[in-house]
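Residue numbers (my numbering): 21 to 99.
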């Protein structure tokens with residue numbers, strides 16, 4: 021009977037260690053998720069800023085007329 025109690029106590033201890041290990045792993049994963057979410061937000065901000073800069077540069081470029089595009093295309097084909 022004592023042996024059965026000892027086996028049960030060992031299994032309870034093993035279960036407690038496993039549960040603690042899972043809690044630790046869960047906490048680490050939560051920290052990783054938070055860090056990755058912060059990095060993602062920073063990268064999204066940088067993409068938005070780059071988009072705004074490119075849009076601003078593109079808005080300063082002259083718009084080519086359709087005839088000019090056709091002429092440029094024809095010149096490239098003959099070259």
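From the three backbone atoms N, C-alpha and C, an ideal C-beta is built for every residue, glycine too. These figures come from a predicted structure and were not determined experimentally.
- Secondary structure note for residue 67: its alpha helix (DSSP H) is the uninterrupted segment 22-80.
- Residue 84 carries a coil assignment under DSSP once its states are collapsed to helix, strand and coil.
- In this structure, the straight-line span from the alpha carbon of residue 76 to that of residue 45 is close to 46 Å.
- The straight-line gap separating the alpha-carbon atoms of residue 84 and residue 62 is approximately 36 Å.
- Rounded to whole angstroms, the gap between the alpha carbons of residue 68 and residue 78 is 15 Å.
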